[in-house]
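Taking mature numbering (1 follows the signal peptide of the UniProt record, and there is no 0), I'd label the letters of the sequence shown as residues -22 to -1, 1 to 185. Where is the CB? At the ideal position from N, CA and C, for every residue including glycine. If you're wondering where the values come from, they're calculated on a predicted model, not measured in any experiment.
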Amino acid sequence: MRIGSFVLGLAALALTATTASAAPYEAGTVLVRLRAVEVLPDFGSKVNLGQAYHVTGTDTVIPELDITYFLDPHWSLELIAGTTKHSLYLNNSVYIGSAWILPPTLTVQYHFDLGPVQPYVGAGINYSLFYDKRGAAGLGKLKMTDQWGGALQAGFDVPLSEDGKYFLNMDVKKIFVSTHASFTGSAAAADVDVNPWLIGAGIGIRF
């Protein structure tokens, strides 16, 4: 992974930089985080060309912003925003097009109070929007359907001071994204599961 060493370094820093234990979250607390995220698609596909083709795509690194609102000291809602571009290939070799994906995601989280390290888990839904879709030469315009999907999440925050105003964050998400892809100038079509892993690290502020 391109940000793997950064993630490991941040984890080491998080565990050694502070022993601060922020006050428990209260209803109405808001957290805002900014992360660097590596997007690792886990492609699965069914292609209607009558041969053993499969669709694959590129990994990317993107910025990601999220806002978390606490309903009580443990339960919260998190809205996640980020967009990424993927190039698409048949059997890892034949370029067939590219598209941007915008999957706004809402999760319900449970936060554990373990002192310096404050882990959380979450689950929710996303609606994946495909835009700026471009087919390879000779295939015509690429069409991809927007879809609802699920999301799973786990991560932790490490406060940098007693009041927890600023903190480090690590986060892993599995986003379930599917689409039907076709071309205006070709009979080629595919049902594609993108299902990316999002592995991120960053900083946050508490309000």
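Evaluate A5 with the Cβ neighbour count: other Cβ atoms within 10 Å of its Cβ, from every protein chain shown; 16 or more gives buried, anything less gives exposed.
-> Exposed, because fewer than 16 other Cβ atoms sit within 10 Å of the Cβ of A5.
In terms of residue numbering, what span does the beta strand (DSSP E) encompassing L142 cover?
-> Contrary to the premise, residue 142 reads as Gly rather than Leu in this sequence. Element bounds for G142: n/a, residue is neither H nor E.
Reduced DSSP secondary structure (H/G/I, E/B, other) of G128 = Collapsing the DSSP output to three states places G128 in a strand.
Exposed or buried, L66, counting other C-beta atoms within 10 Å across all chains shown (16 or more means buried)?
-> Flag for L66 reads buried.
Reference V39; option with closest CA among L18, G22 and V33 = The alpha carbon of V39 has as its nearest neighbour, out of L18, G22 and V33, the alpha carbon of L18.
Where the beta strand (DSSP E) containing L68 begins and where it ends = T62 to L68 is the extent of the beta strand (DSSP E) around L68.
For G93, is the classification buried or exposed, using 16 other Cβ atoms within 10 angstroms of its Cβ as the cut-off for buried?
-> It counts as exposed.
Closest to L107 by CA distance: which of V86, T62 and F134 is it?
-> For the set V86, T62 and F134, the Cα lying nearest the Cα of L107 is the one of T62.
N-terminal and C-terminal residue of the beta strand (DSSP E) that P97 is part of | Where P97 is concerned, the enclosing beta strand (DSSP E) stretches over Q96 to G113.
Sort G180, D91 and T34 by Cα distance to D169 and report the nearest one.
-> Looking at the Cα atoms, T34 is the closest of the given residues.
Would you give the residue range spanned by the beta strand (DSSP E) that D44 belongs to?
-> Here the beta strand (DSSP E) through D44 covers T38 to F48.
Compare the C-beta of G142 against all C-beta atoms of chain B and say whether one is closer than 7 Å.
-> Absent from the structure is chain B; it holds one protein chain and no more.
Return helix, strand or coil for P82, following the three-state DSSP convention.
-> Coil at P82, not helix or strand.
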